Every structure is written in C-alpha cells, then in structure tokens.
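Residue numbers (our numbering): -5 to 152.
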C-alpha cells in the first residue's frame, strides 16, 4: 500500500502523467503542540477533534521556514511559531542585525505564495513569538509580530 511499488505510489504515477511536479511522501510532518476543542469526530479523548483552535511550532535553530511550512497547510484560526533572534550581544555583523527582519519577510512571503495557490481563511492569524537575550545569563526577552503587521523589528511588540 505505502511502498514505492504500492497502491498509493501507483496513484502518484497516474497523477504525474499531466503534472510532473508532484512527489509521493509518507509520514511527512508533525506539530509540536495544539489546542483542540469541539466534538470527537472519531474515537474518544479528542484524538480526532472537530476543531483545531491553536497550532504551535517551536524552533531553536534557524530553520523557522520548516515550521512555517507545516503551519501553512493545517487549518486553524491561530497559528503560533516560537523562535529566537540573535542575542543582542551577538549582533556583531549586519547579517546578524538584519536576520530577524529578513526571516519575518521570508515567512510572510511563504504564506503569500501558498495562498496564491489555494487561499486559507482570511481570518487566520499567524503569531510570531521571538526570543533573544540582551545580556548573557539573563532570561530571554520576548517580542511578537503577526502576519497582519510584519514590519521592521522596531515595530515588533514587546
């Protein structure tokens, strides 16, 4: 069924006769956390809920785009990515000082490109929670932005 010669792979072969960009993938992604509600559509304990209220992804490295990609293709009114900017004492180059602005612009660009193909609900909100440290050995300083108001970091809330 799932192997390279299985039923789903043969469906893939048929689909690609007219559209060669498609690829067959298995067990492709997971979410870090989510808040669910509504009724059980199947089984118990909200294993298959009718509502995914909040989806949450957390990235400790700089591959935030992977987390954004996952969120783009799930349905939920609120999608949250928690990630980290360079610490203030590490922003010794222009590339590091500009990293967050470039990253936020890239994430919104990914969303816009996916929505050009098949738009999601316009009321969906993406919340970017960004941490960094001002000084070593301090707790992180947290800021936020949303897809509705991405601007340079001077406009990021705190």
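From the three backbone atoms N, C-alpha and C, an ideal C-beta is built for every residue, glycine too. Just so it is clear, the structure is predicted and the values come from calculations on it, not from any experiment.
How is residue 45 classed by DSSP in three states: helix, strand or coil?
In the three-state scheme derived from DSSP, where H, G and I count as helix and E and B as strand, residue 45 is classed as strand.
Buried or exposed by the 16-neighbour rule on C-beta atoms within 10 Å, applied to residue 79:
buried
Assuming residue 135 and residue 125 make a contact with CB atoms under 8 Å, what is their CB distance in whole Å?
7 Å
Hey, how far is the Cα of residue 73 from the Cα of residue 42?
18 Å
Taking the straight line between their C-alpha atoms, what separation do you get for residue 109 and residue 116?
10 Å
Please identify the residue among 113, 107 and 102 whose C-alpha is closest to the C-alpha of residue 122.
102
Which of helix, strand or coil DSSP assigns to residue 127:
coil
Just confirm the distance between the C-beta atoms of residue 92 and residue 75, as a whole number of angstroms; I'd bet it's less than 8 Å.
Not confirmed; about 19 Å, so no contact.
Mapping the DSSP letters down to three states, classify residue 53 as helix, strand or coil.
coil
What is the C-beta distance between residue 50 and residue 26, in whole angstroms, given that I count them as a contact (C-beta under 8 Å)?
6 Å
Which residue's Cα is closest to the Cα of residue 55: 33, 38 and 97?
97
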